[in-house]
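J.:
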Amino acid sequence: MSAQVDEQPGGALEAYRALLASRAVERGEPSAPAVDELIGNGGVRPDHELLAHTVTAMGTTGLLTRAARARRFVQSDGVTYGSTDDGGQARNWHLDPLPVVLGAQEWAGLEAGLAQRAHLLDLVLADLYGERTLLHRRVVPAEVVLGHPGFVRQADRVRLPSPHQLLMSATDLARGSDGAWQVIADRTQAPSGAGYAMANRRIITRTMPALHRGTDLARLRSFFHTMRVALHDVAPETSEAPRVVVLSPGAGSETAFDQAFMATLLGFPLVEADDLTMRDGRVWVRTTGRLEPVDVILRRVDALWSDPLDLRADSQLGVPGLVEATRRGTVAVVNPLGAGVLENPGLQHFLGAVAREVLGEDLALGMPLSWWCGDDRQRSYVLAHLDELVLKPLWRDVDNESEFGWALSRAELDRLRARIEAQPWAWCAQEPLPDSSAPVVTRDGLEPRRLVLRTFAVAEGGDYRFLPGGLARVAASMDEYRVTGSAGALAKDVWVLSAPDAAAPPWVERSSRPAAVAEPAPTAGLAPRVAEDLFWIGRYAERAEGTARLLKVADDLTEDFDNRPGSLGAAAMTAVLDAVGAVTTVPAGDAREPGGRVRHLRTLVTDRRTPGTIAYAVDRLVQGSQQVRDQLSLDTWPILSRLEETLSAEQTEESQLQPLLERLIESLLALAGVMAQSMVRDRTWAYIDAGSRLERAQLTVALLAATLAPGRSPVLEGQVTEAILVAGESIITHRRRSAAGLGPASPVHSALDLLLLDVDNPRSVIFQLDRLGPDLELMGDGERRTQVAEIAQRLRAADVHRLAGHDRTALDQLLVRLGAELRDLADAVERRHFVRKAPQRTHVTEWTLGRDA
Amino acid sequence: MGTQTDADFEPRRYRVRHRTTYSYAADVTGCYERGCLHPRETPSQQVRSNTIEVSPEPDLMTEHVDHFGNHSHYVEVRTPHTELAVTKTSVVDVAWPRTDLDELDRHTVAEAVELLAGEADPVERVSYLLPSALVDLSPEVRAYAARLLPGDRPLGEAVLDLTRTIFAEFRYAKGATSVKTTLPELLEKREGVCQDFAHLAVGCLRAVGLPARYVSGYLETQPPPGRPKLAGSDASHAWASVLVPGGTWVDLDPTNDHLADSRYVVTAWGRDFRDVSPLKGVIFTESPSSRLEVAVDVTRLEQGD
Numbered sequence: 001m002s003a004q005v006d007e008q009p010g011g012a013l014e015a016y017r018a019l020l021a022s023r024a025v026e027r028g029e030p031s032a033p034a035v036d037e038l039i040g041n042g043g044v045r046p047d048h049e050l051l052a053h054t055v056t057a058m059g060t061t062g063l064l065t066r067a068a069r070a071r072r073f074v075q076s077d078g079v080t081y082g083s084t085d086d087g088g089q090a091r092n093w094h095l096d097p098l099p100v101v102l103g104a105q106e107w108a109g110l111e112a113g114l115a116q117r118a119h120l121l122d123l124v125l126a127d128l129y130g131e132r133t134l135l136h137r138r139v140v141p142a143e144v145v146l147g148h149p150g151f152v153r154q155a156d157r158v159r160l161p162s163p164h165q166l167l168m169s170a171t172d173l174a175r176g177s178d179g180a181w182q183v184i185a186d187r188t189q190a191p192s193g194a195g196y197a198m199a200n201r202r203i204i205t206r207t208m209p210a211l212h213r214g215t216d217l218a219r220l221r222s223f224f225h226t227m228r229v230a231l232h233d234v235a236p237e238t239s240e241a242p243r244v245v246v247l248s249p250g251a252g253s254e255t256a257f258d259q260a261f262m263a264t265l266l267g268f269p270l271v272e273a274d275d276l277t278m279r280d281g282r283v284w285v286r287t288t289g290r291l292e293p294v295d296v297i298l299r300r301v302d303a304l305w306s307d308p309l310d311l312r313a314d315s316q317l318g319v320p321g322l323v324e325a326t327r328r329g330t331v332a333v334v335n336p337l338g339a340g341v342l343e344n345p346g347l348q349h350f351l352g353a354v355a356r357e358v359l360g361e362d363l364a365l366g367m368p369l370s371w372w373c374g375d376d377r378q379r380s381y382v383l384a385h386l387d388e389l390v391l392k393p394l395w396r397d398v399d400n401e402s403e404f405g406w407a408l409s410r411a412e413l414d415r416l417r418a419r420i421e422a423q424p425w426a427w428c429a430q431e432p433l434p435d436s437s438a439p440v441v442t443r444d445g446l447e448p449r450r451l452v453l454r455t456f457a458v459a460e461g462g463d464y465r466f467l468p469g470g471l472a473r474v475a476a477s478m479d480e481y482r483v484t485g486s487a488g489a490l491a492k493d494v495w496v497l498s499a500p501d502a503a504a505p506p507w508v509e510r511s512s513r514p515a516a517v518a519e520p521a522p523t524a525g526l527a528p529r530v531a532e533d534l535f536w537i538g539r540y541a542e543r544a545e546g547t548a549r550l551l552k553v554a555d556d557l558t559e560d561f562d563n564r565p566g567s568l569g570a571a572a573m574t575a576v577l578d579a580v581g582a583v584t585t586v587p588a589g590d591a592r593e594p595g596g597r598v599r600h601l602r603t604l605v606t607d608r609r610t611p612g613t614i615a616y617a618v619d620r621l622v623q624g625s626q627q628v629r630d631q632l633s634l635d636t637w638p639i640l641s642r643l644e645e646t647l648s649a650e651q652t653e654e655s656q657l658q659p660l661l662e663r664l665i666e667s668l669l670a671l672a673g674v675m676a677q678s679m680v681r682d683r684t685w686a687y688i689d690a691g692s693r694l695e696r697a698q699l700t701v702a703l704l705a706a707t708l709a710p711g712r713s714p715v716l717e718g719q720v721t722e723a724i725l726v727a728g729e730s731i732i733t734h735r736r737r738s739a740a741g742l743g744p745a746s747p748v749h750s751a752l753d754l755l756l757l758d759v760d761n762p763r764s765v766i767f768q769l770d771r772l773g774p775d776l777e778l779m780g781d782g783e784r785r786t787q788v789a790e791i792a793q794r795l796r797a798a799d800v801h802r803l804a805g806h807d808r809t810a811l812d813q814l815l816v817r818l819g820a821e822l823r824d825l826a827d828a829v830e831r832r833h834f835v836r837k838a839p840q841r842t843h844v845t846e847w848t849l850g851r852d853a
Numbered sequence: 001m002g003t004q005t006d007a008d009f010e011p012r013r014y015r016v017r018h019r020t021t022y023s024y025a026a027d028v029t030g031c032y033e034r035g036c037l038h039p040r041e042t043p044s045q046q047v048r049s050n051t052i053e054v055s056p057e058p059d060l061m062t063e064h065v066d067h068f069g070n071h072s073h074y075v076e077v078r079t080p081h082t083e084l085a086v087t088k089t090s091v092v093d094v095a096w097p098r099t100d101l102d103e104l105d106r107h108t109v110a111e112a113v114e115l116l117a118g119e120a121d122p123v124e125r126v127s128y129l130l131p132s133a134l135v136d137l138s139p140e141v142r143a144y145a146a147r148l149l150p151g152d153r154p155l156g157e158a159v160l161d162l163t164r165t166i167f168a169e170f171r172y173a174k175g176a177t178s179v180k181t182t183l184p185e186l187l188e189k190r191e192g193v194c195q196d197f198a199h200l201a202v203g204c205l206r207a208v209g210l211p212a213r214y215v216s217g218y219l220e221t222q223p224p225p226g227r228p229k230l231a232g233s234d235a236s237h238a239w240a241s242v243l244v245p246g247g248t249w250v251d252l253d254p255t256n257d258h259l260a261d262s263r264y265v266v267t268a269w270g271r272d273f274r275d276v277s278p279l280k281g282v283i284f285t286e287s288p289s290s291r292l293e294v295a296v297d298v299t300r301l302e303q304g305d
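From first to last, the protein sequence lines stand for chains A and B. Using the UniProt record's numbering, the letters of the first sequence correspond one by one to residues 1 to 853. Using the UniProt record's numbering, the letters of the second sequence correspond one by one to residues 1 to 305.
(1) Indicate whether residue 637 (chain A) and residue 78 (chain A) have their beta-carbon atoms separated by less than 8 Å.
(2) Quick one: is residue 53 (chain B) buried, meaning 16 or more other Cβ sit within 10 Å of its Cβ, or exposed?
(3) Okay, do the segment 723–742 of chain A and the segment 751–764 of chain A touch, 3+ Cβ pairs below 8 Å being the bar?
(4) What's the C-alpha gap between residue 269 (chain A) and residue 249 (chain B)?
(5) Would you list, in chain order, the members of the segment 258–283 of chain A that have their beta-carbon closer than 8 Å to a beta-carbon of chain B?
(6) Show which residues of chain B have a CB atom less than 7 Å away from the CB atom of residue 135 (chain A).
(7) Return the CA-CA distance between residue 118 (chain B) and residue 410 (chain A), expressed in angstroms with no decimal places.
(8) Residues of chain A with a CB under 8 Å from the CB of residue 60 (chain B): which are they?
(9) If you follow the beta strand (DSSP E) that residue 291 (chain B) is in, where does it begin and where does it stop?
(10) Between the segment 356–363 of chain A and the segment 391–405 of chain A, are three or more C-beta pairs nearer than 8 Å?
(11) Quick one: grab the DSSP three-state call for residue 777 (chain A).
(12) Along chain A, which residues have their Cβ under 9 Å away from the Cβ of residue 144 (chain B)?
(13) Out of B:122, B:238, B:162 and B:170, state which residue places its alpha-carbon closest to the alpha-carbon of residue 147 (chain A).
(14) Use the C-beta contact count for residue 667 (chain A): other C-beta atoms within 10 angstroms, 16 or more gives buried, fewer gives exposed.
(15) In angstroms with no decimal places, state the Cα-to-Cα distance between residue 315 (chain B) and residue 252 (chain B).
(16) Who are the Cβ neighbours of residue 201 (chain A) in its own chain at under 6 Å, not counting the five residues just before and after it?
(17) Give the C-beta separation of residue 193 (chain A) and residue 471 (chain A) to the nearest angstrom, bearing in mind that I take them to be a contact with Cβ-Cβ under 8 Å.
(18) Could you give the residue range of the beta strand (DSSP E) that holds residue 757 (chain A)?
(19) Note down the Cα distance separating residue 214 (chain B) from residue 98 (chain B), rounded to an integer number of angstroms.
Pasting the structure below:
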């Protein structure tokens with residue numbers, strides 16, 4: 001694709017400079033951004049020389065290659081954003097390869113301003129849920145707070161056992177016409193994006209390795225260490241080794257990746273409402289074995305949804321009694337329930353006055369000029385200038401978003417005016433900021449796009465610490481003034497240059513303190529929901545691999561014998577295809593049509609919709625993995641991405657199935673390798689392993705039952721047996737043993753030996769049963785362990801010589817019984833380990849219901 | 001005009017017994033309840049005793065004073081059960097003064113609004129002035145309020161007329177409305193129960209700028225001989241209360257067409273029913289349905305009982 005790009009004369013940088021100059025001339029309404037991040041009036045900005053040099057050296061072609069590389073890494077790292085119609089995770093994360101660079105001095109200034117703001121918001125939060133002096137003294141009009149749905153009265157007077165009430169704070173910033181950063185919004189409900197910032201960094205480091213190596217920049221990792229310490233520090237005093245969980249609305253939520261990646265970076269389990277329960281006024285995490293107390297909840301569920309008893313009764317995302325638990329101080333919720341009230345443009349309007357009242361200081365960080373419509377004079381101004389302003393409701397909602405006056409029609413402006421007049425106190429207006437632009441790589445060269453920066457703070461040890469830089473978003477097009485995910489914004493990595501005399505990162509000092517090195521609570525048990533996902537990850541991975549191996553054999557035979565009906569090979573082919581039908585449970589298409597068999601085999605590989613196909617299993621494998629992202633090694637994602645890519649690659653009638661199946665098997669082996677080599681043998685691993693062992697055992701039994709139980713002529717049986725030994729990855733051993741005269745003389749006998757009873761063959765059924773025992777032990781399930789041992793014992797007692805004889809009735813019976821026993825075992829595991837909570841209902845005493853009602 | 005005599009303002013003692021029973025078709029394995037199980041103290045009411053019985057025995061029951069000053073209870077029952085019974089028995093001394101309507105009439109509605117904006121505590125005033133979940137200040141409500149509470153009308157007269165007009169224009173009908181009925185719907189149907197009328201009165205007062213709250217409690221229903229029985233008898237009751245200049249609250253009962261007297265026992269107050277629901281809960285069960293029974297007895301005791 002990059003081959004078609006014409007390099008611009010004078011290079012990509014010159015072209016960008018010219019584009020900026022031409023847009024500056026034709027500034028209209030709304031105006032083009034006032035300043036550019038890369039190029040100022042005097043040319044390339046200081047600290048940006050290396051970036052500018054990189055742009056020039058790479059040219060548009062080189063930059064496009066990097067953009068494609070970044071796209072591939074986003075895919076292979078499994079970064080998702082948004083959700084699909086069926087509740088899955090959408091892949092709407094788009095990352096520009098060029099970082100935004102902030103000099104050390106600029107960042108230090110910004111950080112100081114942000115710290116002041118975070119301290120102030122913290123004091124405001126404590127006041128609003130305490131004495132409410134700011135309201136009583138009319139520093140802030142009471143409507144602005146009391147009319148905000150984020151003001152959670154149920155959480156009144158609940159305090160975290162911490163000097164800070166606002167543990168996490170995020171701030172959205174853009175530049176004013178003088179280039180200074182201005183605050184456009186505070187994010188305090190459950191700030192998202194720090195995980196994305198880290199994911200961006202990991203990708204850009206690999207996308208632009210030379211630029212990255214040549215730049216001395218502040219690292220991100222220490223922020224997550226600080227956060228970890230901060231979360232431990234707010235635990236109720238009673239707990240010595242606090243257990244922290246990250247509460248997610250679920251894998252279908254828009255920022256599910258951010259939540260799960262954050263949990264991984266912090267090393268805390270990701271949980272959902274179904275995993276938690278309330279007992280004796282305390283929150284517990286339900287594990288497959290027992291209940292374990294939870295001390296701290298990092299909350300990614302909005303406050304109103306987090307307790308169906310005291311807050312929204314229709315929420316399935318919360319824990320009934322959570323508010324009560326926070327009041328009792330048995331659990332610390334971060335950010336506290338009610339912190340969302342600070343996400344309030346009305347409050348922001350009065351924040352300057354609050355700063356003078358509370359801190360005796362002016363705000364260090366600027367804000368766009370704003371008006372509060374609850375004030376008659378200010379409202380008159382706003383209504384007279386409606387088409388020039390950004391109108392912000394005090395709180396945002398699906399049908400209550402910011403309105404950009406200049407983008408509205410007459411009729412829309414009239415409707416907006418009526419809405420404001422009906423509830424004036426609920427509206428604020430802001431002057432639009434000119435913003436800055438940053439270069440974005442496109443096919444037509446670099447384009448200036450509006451930029452918004454989100455910074456992240458965490459309160460720790462009396463201070464606020466910041467993620468150096470943060471997350472930058474740039475608009476979807478040159479003329480787009482909305483820089484939001486819903487308007488298709490792209491992301492950029494943000495590089496804060498190291499100060500020449502930068503001290504050691506704060507967490508190094510902190511980690512020497514005993515409190516900070518306290519080990520987390522012993523490995524938490526797994527929530528039933530998580531255990532179930534892990535078990536099915538194991539099953540689907542194995543199902544995909546087993547099916548791929550079988551289809552490879554079937555395809556081989558079909559290639560050779562599809563056009564030679566009546567041949568011995570064709571009979572073997574039919575037998576194996578029948579087995580494919582039995583194992584996958586997908587009915588065969590019309591085999592008599594020319595190419596019918598091949599088409600059917602292709603369907604079995606690539607049809608995502610039909611259960612039993614490889615594509616179906618891989619889809620479930622990926623979805624399951626996304627559900628439990630925090631439990632899996634980061635190495636998992638590139639493999640899953642490769643699997644998906646292999647399956648979605650364009651297929652034509654001519655393209656061969658063999659190489660496709662080989663690639664699939666390769667990826668699935670790599671996945672098995674990650675599981676085997678990178679996972680600690682704990683419960684997490686045990687559930688995956690148990691799933692894969694059970695699947696392999698069941699698949700093998702089904703295959704043997706379909707192929708060897710019927711009994712066929714010896715010649716045909718020889719061919720079929722050979723095929724299943726290939727599918728069962730045991731053909732080499734079989735041949736070696738036969739050649740050495742070691743194995744049984746009959747191929748059927750040998751196959752049954754190898755695939756059923758050989759304790760040393762990792763493909764045999766007995767091998768799976770032997771491994772299931774220790775798995776069940778790790779899962780704390782003695783009863784099932786005994787059950788497995790009994791199944792294995794009966795199997796060992798089998799007389800293979802007799803089973804492989806002319807009469808296969810006994811073999812058939814054995815396989816039928818074994819299949820049933822394995823199914824019962826799998827059912828028992830599901831019943832015992834994956835118990836969900838009973839359905840949750842709410843009731844309210846109705847209107848007057850007296851004795852005679 | 002509902003009947004009200006001097007005798008209704010005499011101090012007295014009541015025992016209020018309120019029993020709520022939920023029955024289910026299958027076991028409830030977890031039950032979390034929030035309720036107002038202890039009457040609040042008010043200038044016109046003292047709580048002598050209060051007992052709460054929950055069956056099955058709760059694993060945890062706690063109490064705190066909520067944002068509005070009410071006693072709020074959290075109850076956790078994890079013993080599997082098909083029936084949950086919560087019984088509250090309170091003994092309260094009640095003595096409401098007559099409201100001095102002449103004093104109220106010293107200001108017009110508009111003057112009262114203006115005065116309150118200056119003198120009232122902003123938190124209290126605004127808490128009860130803003131719309132709330134069940135009190136939507138829709139154009140319909142504003143229009144209805146404008147008719148009854150015009151700015152130039154003396155305050156006492158206006159409040160009394162609001163009480164009287166709702167009583168006169170709306171039919172008391174059980175089952176006509178539910179917790180989901182909105183004020184515009186109520187204005188359309190012209191029938192409802194005490195909660196609806198209280199919400200409407202609150203909405204009208206707020207619409208013209210007077211802070212108003214929703215009061216939940218009980219009303220003595222034993223009719224004196226020869227007197228008509230009051231509507232809403234033997235049940236929990238609800239009415240409205242309005243903040244007036246000087247910082248006092250005046251309680252009005254549009255269901256019975258008069259201001260509150262010593263027959264009124266207060267449980268709790270808030271912005272609307274949602275803030276003071278007598279009992280609500282979240283349960284975990286496979287049971288597809290539940291049955292609710294409420295029994296309320298308000299018994300007048302001799303002082304010293």
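Even glycine gets a Cβ: it sits at the ideal position worked out from N, Cα and C.
T.: Looking at the atomic coordinates:
(1) What you label residue 637 (chain A) is simply residue 637 of the first sequence in a count that begins at 1. What you label residue 78 (chain A) is simply residue 78 of the first sequence in a count that begins at 1. Against a cut-off of 8 Å, the Cβ pair of residue 78 (chain A) and residue 637 (chain A) comes out as a contact.
(2) Stepping through the second sequence from its first residue, residue 53 (chain B) is reached at position 53. Its Cβ having fewer than 16 others within 10 Å, residue 53 (chain B) is exposed.
(3) yes
(4) By one-based count along the first sequence, residue 269 (chain A) stands at place 269. By one-based count along the second sequence, residue 249 (chain B) stands at place 249. Computed Cα separation, rounded: 51 Å.
(5) 277, 278, 279, 280 and 281
(6) As a first step, residue 135 (chain A) is located in the first sequence; it is residue number 135 there, counting from the start. 122 and 123, listed in chain order.
(7) Looking up residue 118 (chain B) in the second sequence gives position 118. Looking up residue 410 (chain A) in the first sequence gives position 410. Their backbone Cα atoms lie some 38 Å apart in a straight line.
(8) For the purposes of this step, residue 60 (chain B) is taken as the residue at position 60 of the second sequence. Correct list: 280 and 281.
(9) Here residue 291 (chain B) refers to the residue found at position 291 when the second sequence is read from its first residue. Taken as a continuous stretch (DSSP letters only), the beta strand (DSSP E) holding residue 291 (chain B) covers 290–301.
(10) no
(11) Here residue 777 (chain A) corresponds to residue number 777 of the first sequence, with the count starting at 1. In this structure, residue 777 (chain A) counts as helix in the three-state DSSP scheme.
(12) Along the second sequence, read from residue 1 onward, the residue named residue 144 (chain B) stands at position 144. Residues of chain A passing the Cβ test: none, with the nearest at roughly 16 Å.
(13) Counted from its first residue, the first sequence places residue 147 (chain A) at position 147. Of the candidates B:122, B:238, B:162 and B:170, the one whose C-alpha sits nearest the C-alpha of residue 147 (chain A) is B:122.
(14) Locating residue 667 (chain A) in the first sequence gives position 667, where the first residue counts as 1. Residue 667 (chain A) should be labelled buried.
(15) Outside the modelled stretch of chain B, which goes from 1 to 305, sits residue 315 (chain B), for which no answer is possible.
(16) Taking the first sequence and counting its residues from 1, one reaches residue 201 (chain A) at position 201. Around residue 201 (chain A): 220 and 493.
(17) Along the first sequence, one-based indexing puts residue 193 (chain A) at 193. Along the first sequence, one-based indexing puts residue 471 (chain A) at 471. Rounded to the nearest angstrom, the Cβ distance from residue 193 (chain A) to residue 471 (chain A) is 4 Å, consistent with a contact under 8 Å.
(18) Counting from 1 along the first sequence, the entry for residue 757 (chain A) is found at position 757. Element bounds for residue 757 (chain A): n/a, residue is neither H nor E.
(19) Counting from 1 along the second sequence, the entry for residue 214 (chain B) is found at position 214. Counting from 1 along the second sequence, the entry for residue 98 (chain B) is found at position 98. Roughly 20 Å between the two C-alpha positions.
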